[in-house]
Amino acid sequence: MAQAAEKIELFDVNSDDELARHEARLREAERIIEALLFASAEPLDEAEMAHRIEDGADLERVLERLRAHYAGRGVNLTRVGKKWFFRTAADLNWILAREQVEEKKLSRAALETLAIIAYHQPTTRAEIEEIRGVAISKGTLDVLLDTGWIRLRGRRKAPGRPITYGTTDAFLMHFGLEQIGDLPGLDELKGAGLFDGRLPKGFGVPQPSDDAALRDDEEPLEDEAPELLEMEFPDEPEAPETPEAADDEEL
């Protein structure tokens, strides 16, 4: 008597079930992250979001799916460093313009100081003055600290233990950068017409880094922050400015 032929499965049912479960986890994680981002008044860190979703859900994929979903909508999902938040679409900024408070522009001195800190961080006041070629007036760093674009990082392991400065996430958010490495390089700066004439031999733009960890030549501020500004900016006559620095008037 002939035996019945053995049944052969052409498709892996278990594999299809697993794919369905994986997609369900992703969708549920999307809903959770979306709700968290809308409810939060501040950008959310990736580590914080990872704790809120089911183990095994790919947070990176979830965020990219959400970003793609909102790419053409009135709000866009934006990343700054390792933090994410919803921001009004760039082409709709004009609608909210009348709700914005007009802000006074930074002085030339403050902009130059901010650029030096962004590219050379961590850097000290003396190092900024050496690069600019003129002394920093008393209010320049105060103004930048008030904007929240720079922060006190630590103290340099050097005589006098000078304070080191670096940029913040608020700096990245204001200038539309995802990370400090998105700052323009030398070729981009030349293309924008910011460098005229022939540059000195060996001139280059440093690769910026805003790593929060203190470097080997830095030490922590400890609990002395309230006294730092007074110590850093003693009341003393400023050095005479050169003609090139004539525009360095403070706000």
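Start counting the sequence shown at 422; every next residue gets the next number (our numbering). Positions of the beta carbon are idealized from the N, C-alpha and C atoms, including for glycine.
Short Cβ contact (9 angstroms threshold) for residue i with residue j
i	j	result
Gln600	Val501	yes
Glu533	Val483	no
Gly477	Arg446	yes
Leu517	Thr509	yes
Val626	Gly597	no
Proximity to residue i [Cα-Cα], best of the options
i	options	result
Ile584	Glu640, Arg473 and Asp631	Glu640
Pro580	Phe596, Thr589 and Ala547	Ala547
Ala492	Leu513, Glu475 and Asp479	Leu513
His595	Trp570, Leu607 and Tyr586	Trp570
Leu566	Phe592, Leu642 and Ile552	Phe592
Distance, residue j Cα to residue i Cα
i	j	result
Asp638	Arg582	10 angstroms
Glu455	Glu444	16 angstroms
Arg577	Asp631	16 angstroms
Pro647	Arg486	Confidence is the limiting factor: at Pro647 the pLDDT is only 45, short of 50, which leaves the residue's position unreliable, though a coordinate-based value still follows. Roughly 44 angstroms between the two C-alpha positions.
Asp608	Gly602	14 angstroms
Ala681	Gly587	Here the chain covers residues 422 to 672 and nothing more, so residue 681 does not appear.
Pro464	Arg448	22 angstroms
His472	Ser436	27 angstroms
Glu467	Phe506	11 angstroms
Phe459	Leu440	29 angstroms
Arg553	Glu643	30 angstroms
Asp438	Glu475	18 angstroms
Arg636	Trp515	42 angstroms
Glu550	Ala489	44 angstroms
Arg574	Ala536	17 angstroms
Gln542	Met470	29 angstroms
Lys525	Ala462	25 angstroms
Arg442	Leu457	23 angstroms
Leu480	Leu610	35 angstroms
Gly560	Ile453	45 angstroms
Ala511	Thr568	22 angstroms
Whole-Å CB distance - residue i paired with residue j, under 8 angstroms assumed
i	j	result
Thr545	Arg572	That pair is no contact at about 14 angstroms.
Leu527	Val564	7 angstroms
Residue burial classification, residue i (beta-carbon count within 10 angstroms, cutoff 16)
i	result
Pro655	For Pro655, the predicted model reports a pLDDT of 47, less than 50, meaning its position is unreliable; a value from the coordinates is still stated below. Burial call: exposed.
Ala539	buried
Ser558	buried
Leu604	buried
Ala530	buried
Lys504	buried
Gly612	exposed
Leu562	buried
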